[in-house]
Amino acid sequence: MAIEKKTVAEVSPGARNVYQKAASVFAKNSVEYAIELLKSVVQKEPGFIDARNMLREAERRYSASLGKFARFVAGMKQMPLVTKGRSVLKKNPELALSYAEEALSYNFLSRGPLNLLIDAGKACEAPFIQMEGLEGIVELDDKNEANMKTLAEVYEANGEGAKVLRIRQMIAAKHPDSLEAQANLRAAAALASMEQNKANARGNDKGGMYKKTDATADLLRDDRIVRSEEDIRKMIEYYEGLIASGDTSIDNRRKLAEFYQRVAEYQKTIDTYNWIVERLGTLDPNIDKAIEFCTIQIKRQEITKLQEAGAAQDQVDAIEAEINAYRLERAEYRIKTYPNDTLMRYEAAVVYWDLGNVEKALEQFQLAQRNPHKRLAAIAYLGRCFAAKEQFDMAIEQFEKAVKEMPAMDDLKMETVYHLGITYDTIGESEKALNCFKDIYAVNVGYEDVGKRIDDYYARKRAEKQNA
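Residue numbers (my numbering): 695 to 1162.
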């Protein structure tokens, strides 16, 4: 039975939820965990194309990080899986495909598992899976023209004209004097042009146009080079064209939303993310945060317009109150929905602190200490909470604990040392306070009011001498 492509709306709710979680952890660069989650999804739903695309991206990133010995160990783990896959390929190609996915999770750029993926994809009548394997093989050895020609043939058989053209261009570049290579290149160009015209016609029928220019194609090869606003606008035009042509890929909508946000198209960002939420049937925490950010920016723009128009301060204050209420509502929703996520705890604690709710901030910062990336920041905030409650001995204990674990005088350490100095000054420990301020002054003379505090200290000392 052929494996058909499936969209996120067509897979089971369980697969959809795991995919959403994988997207969240992958966005946080937890690549290995994302691979495990996505692998489990595609083994159950092998046609789930968005999950497959993200899995391949994660596997490529992980494989690129492997050293020589790690690749050797991965190969040893892959061998028995490939052997098992080969043994069941004829009778149970879907099981063979599952073995291939398991093996590729150790190292995507590995010939044995990729060949198994190709053969299993072909046996399952799933050319899109076969193409994944062939793309990996070509990536592994771009000098092997036989593999490149096979990939081009599979692309052509499945209407991937632009991809056929790319492969034929690579082959023709190797043989500039070959009449056969040039003839194949012309045929590929004609095929790509014909398919482009069809895509444009579909786009026009839907009131839009999908047209990938050479400049856009260059940008698509590496999203990291998309930095200028002009480049971002080109990418927006490209993805809007895809959508107008009927594209329903969640991954493409996510990219479009990210580009909208980068050029401050906040309402369009929100609308695009809401489309994704509707398709997923649940709210990804990263999308939730992006929507929150954009909503607040829209409110900030309203405040700017009011101030420029000379509006009364109470109108500005009313919008600020709306922003604060919204921040609090989203923060409390997240810690209720994801009670074990210590990063959510930290972010909620900061909101409580900003809004002056010291008790709730204290509670959440204590829980946030478990997050390895926010531990020291949480401890420093605990010190500030205790200082706000005038429990100065406990505040000093937290500040000193955090400072001892901070090797360099970065922004976080400066802020922590500053508040330690303020606390010492508050309880009359002026010498200790001075030492804190001097530590900061040595690396940043303009930090807060440390310069003035040091001058005031020495002025007091001079006055004491004169009065003695």
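The beta carbon of each residue, even a glycine, is placed where N, CA and C say it ideally should be.
Values in this document were obtained by computation on a predicted structure and should not be read as measured data.
Beta-carbon proximity of residue i to residue j, cut-off 8 Å
i            : j            : result
residue 804  : residue 772  : yes
residue 1106 : residue 1071 : yes
residue 735  : residue 755  : no
residue 1127 : residue 1119 : yes
residue 727  : residue 768  : no
residue 797  : residue 776  : yes
residue 846  : residue 861  : yes
residue 1026 : residue 1012 : no
residue 1110 : residue 1103 : no
residue 739  : residue 700  : yes
residue 1028 : residue 982  : yes
residue 1073 : residue 1117 : no
residue 866  : residue 885  : no
residue 923  : residue 957  : yes
residue 1010 : residue 1000 : yes
residue 877  : residue 869  : no
residue 817  : residue 787  : yes
Whole-Å CB distance - residue i paired with residue j, under 8 Å assumed
i            : j            : result
residue 1063 : residue 1069 : 5 Å
residue 984  : residue 963  : 7 Å
residue 991  : residue 954  : Actually they do not touch by this definition, with Cβ atoms about 12 Å apart.
residue 825  : residue 832  : Their Cβ separation, rounded to whole angstroms, is 10 Å, which puts residue 825 and residue 832 out of contact at 8 Å.
residue 709  : residue 742  : 6 Å
residue 810  : residue 790  : 7 Å
residue 950  : residue 966  : 6 Å
residue 819  : residue 696  : 4 Å
residue 1141 : residue 1108 : 6 Å
residue 935  : residue 707  : The Cβ separation is near 32 Å, so there is no contact.
Burial state of residue i (16 or more Cβ within 10 Å)
i            : result
residue 705  : buried
residue 770  : exposed
residue 1146 : exposed
residue 714  : buried
residue 746  : buried
residue 763  : exposed
residue 836  : exposed
residue 744  : buried
residue 753  : buried
residue 1139 : exposed
residue 939  : buried
residue 813  : buried
residue 779  : buried
residue 1092 : buried
residue 829  : buried
residue 827  : buried
residue 1081 : buried
residue 1039 : buried
residue 785  : exposed
residue 854  : buried
residue 733  : buried
residue 731  : buried
residue 1077 : buried
Cut-off 6 Å between Cβ atoms - residues of its own chain near residue i, not counting five sequence neighbours on either side
i            : result
residue 1024 : 986
residue 1075 : 1059
residue 1037 : 1065
residue 980  : 718 and 721
residue 1131 : 1115, 1144, 1147 and 1148
residue 988  : 960, 963 and 964
residue 1163 : The requested residue 1163 is not part of the displayed model; the chain covers only 695 to 1162.
residue 703  : 973
residue 1156 : none
residue 698  : 741
Cut-off 7 Å between Cβ atoms - residues of its own chain near residue i, not counting five sequence neighbours on either side
i            : result
residue 948  : 970
residue 1223 : Any property of residue 1223 remains undetermined from this structure, which presents the chain solely from 695 to 1162.
residue 1079 : 1052, 1055, 1056 and 1059
residue 930  : 950, 953 and 954
residue 1153 : none
residue 1044 : none
residue 883  : 859
residue 943  : 744
Nonlocal neighbours in the same chain, by C-beta distance under 8 Å from residue i, ignoring five residues either side
i            : result
residue 821  : 815, 848, 851 and 852
residue 915  : Its pLDDT being 46, under 50, residue 915 is placed unreliably by the model, and the measurement read from it follows with that caveat. Hits under 8 Å: none found.
residue 945  : 744, 747 and 748
residue 1097 : 1107, 1110, 1111 and 1114
residue 782  : 789, 790 and 793
residue 1086 : 1080, 1117, 1120 and 1121
residue 1003 : none
Inter-stretch contact (C-beta, 8 Å, three-pair minimum) for the stretch 1014-1024 and the stretch 1043-1054: yes
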